[in-house]
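Position 146, counted from 1, in the sequence shown is what our numbering calls 149; the numbers after and before it change by one each time, with no gaps.
The beta-carbon is built from N, C-alpha and C at its ideal position, and this holds for glycine as well.
Quantities reported herein were computed from a predicted structural model and do not represent experimental measurements.
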Amino acid sequence: MFPAGQGDVRELIGVLRDYSALQNSPLILTGVTKPVLDILYELFPEQFSIVPDRDSSDYVYNSADLIGLAGRKYHQKRNHIARFSEIPYEFSIITEKDLDDCIYFSTQTYNEKYPYSEGSIIAEQFAINTYFSYYSELGLTGGIIRIDGRIAALTIGERLNSDTFCVHIEKADTSFNGIYAAINNCFAKSAAADFRYINREEDMGIEGLRKSKLSYHPAFLVEKNIVTFK
Numbered sequence: 004m005f006p007a008g009q010g011d012v013r014e015l016i017g018v019l020r021d022y023s024a025l026q027n028s029p030l031i032l033t034g035v036t037k038p039v040l041d042i043l044y045e046l047f048p049e050q051f052s053i054v055p056d057r058d059s060s061d062y063v064y065n066s067a068d069l070i071g072l073a074g075r076k077y078h079q080k081r082n083h084i085a086r087f088s089e090i091p092y093e094f095s096i097i098t099e100k101d102l103d104d105c106i107y108f109s110t111q112t113y114n115e116k117y118p119y120s121e122g123s124i125i126a127e128q129f130a131i132n133t134y135f136s137y138y139s140e141l142g143l144t145g146g147i148i149r150i151d152g153r154i155a156a157l158t159i160g161e162r163l164n165s166d167t168f169c170v171h172i173e174k175a176d177t178s179f180n181g182i183y184a185a186i187n188n189c190f191a192k193s194a195a196a197d198f199r200y201i202n203r204e205e206d207m208g209i210e211g212l213r214k215s216k217l218s219y220h221p222a223f224l225v226e227k228n229i230v231t232f233k
């Protein structure tokens with residue numbers, strides 16, 4: 004990834020290029036946005052190639068859209084929530100007393116659905132466990148839906164900048180029709196009402212996930228690129 008924070012970018016990229024050369028590989032940066040490209044163009048003109056990475060582009064929505072779900076384009080989402088609301092459920096913001104239940108729910112979900120031979124699945128599960136293990140230290144905000152006292156859906160996010168809230172994960176028991184639409188809407192209302200935008204991150208090239216994210220009609224995508232130094 005492009006280095007974060009303050010410092011001499013030219014010097015650091017130089018160090019990274021030297022290290023990559025020792026590994027007999029070019030330096031490759033992923034997740035490169037347009038502002039970062041502008042920096043690289045200025046510091047390293049004609050020294051790298053660019054490949055667009057659509058699978059890593061972030062989906063950014065107007066918070067008001069995900070909260071209000073107004074208009075014809077969100078008719079289906081409102082229907083999903085209406086059907087789900089026929090089930091007695093409770094939404095709440097995650098507190099310390101919920102963390103063990105959250106870890107159990109996420110672990111149980113993965114054990115039932117996914118083979119642990121897939122590296123990306125293992126990495127995501129590790130990240131989720133880290134979120135809950137250091138929930139307060141990381142300054143995260145989360146929401147859960149409980150049905151009959153048991154967690155049926157959970158989500159976690161945090162303030163990304165002054166006008167954007169970022170949702171990192173969203174998991175639900177799909178045996179309850181409409182539960183994803185419900186947790187999305189409840190969390191937007193509770194955690195992102197004071198923000199202009201909600202960033203729901205990338206789709207990783209997964210067809211079903213891309214279809215779902217597009218169905219919420221993003222305001223725009225944060226385009227990402229892969230940069231390879233010559």
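Local Cβ density within 10 Å of residue i, reported as buried at 16 or more and exposed below that
i, result
"C46", "Note on identity: in this sequence residue 46 is Leu, with Cys being the wrong assignment. When all chains shown are included, L46 counts as exposed."
"T110", "exposed"
"S136", "exposed"
"A130", "exposed"
"D103", "exposed"
"A126", "exposed"
Collapsed DSSP secondary structure at residue i in the structure displayed
i, result
"N114", "helix"
"P55", "strand"
"D200", "Contrary to the premise, residue 200 reads as Tyr rather than Asp in this sequence. If DSSP states are grouped into helix, strand and coil, Y200 belongs with the strands."
"D21", "helix"
"L143", "coil"
Sequence-distant residues of its chain with Cβ nearer than 7 Å to residue i (five each side left out)
i, result
"I42", "V12"
"D166", "F198, R199 and Y200"
"F108", "I154 and L157"
"K2", "Here the chain covers residues 4 to 233 and nothing more, so residue 2 does not appear."
Contacting residues, own chain, Cβ-Cβ under 8 Å from residue i (five flanking each side not counted)
i, result
"A194", "I96, T144, G146, G160 and F168"
"C189", "F94, G146 and I148"
Residues of its chain near residue i, where Cβ-Cβ distance is below 6 Å and the 5 sequence neighbours each way are ignored
i, result
"R149", "E93"
"E173", "T158"
"Y113", "Q128"
**Asked** How do the region 44-59 and the region 67-85 stand: do at least 3 beta-carbon pairs fall below 8 Å, yes or no?
**Response** Between the region 44-59 and the region 67-85 there are fewer than three inter-stretch CB-CB distances shorter than 8 Å, so the stretches are not counted as touching.
**beta strand (DSSP E) runs contained entirely in the region 63-133, provided each spans 3 or more residues** = Counting only runs that start and end inside the region 63-133, the beta strand (DSSP E) elements of at least 3 residues fall at 93-96.
**Request:** Pair every Cβ in the region 175-185 with every Cβ in the region 82-95, then say whether three or more of these pairs are closer than 8 Å.
**Result:** The region 175-185 is in contact with the region 82-95.
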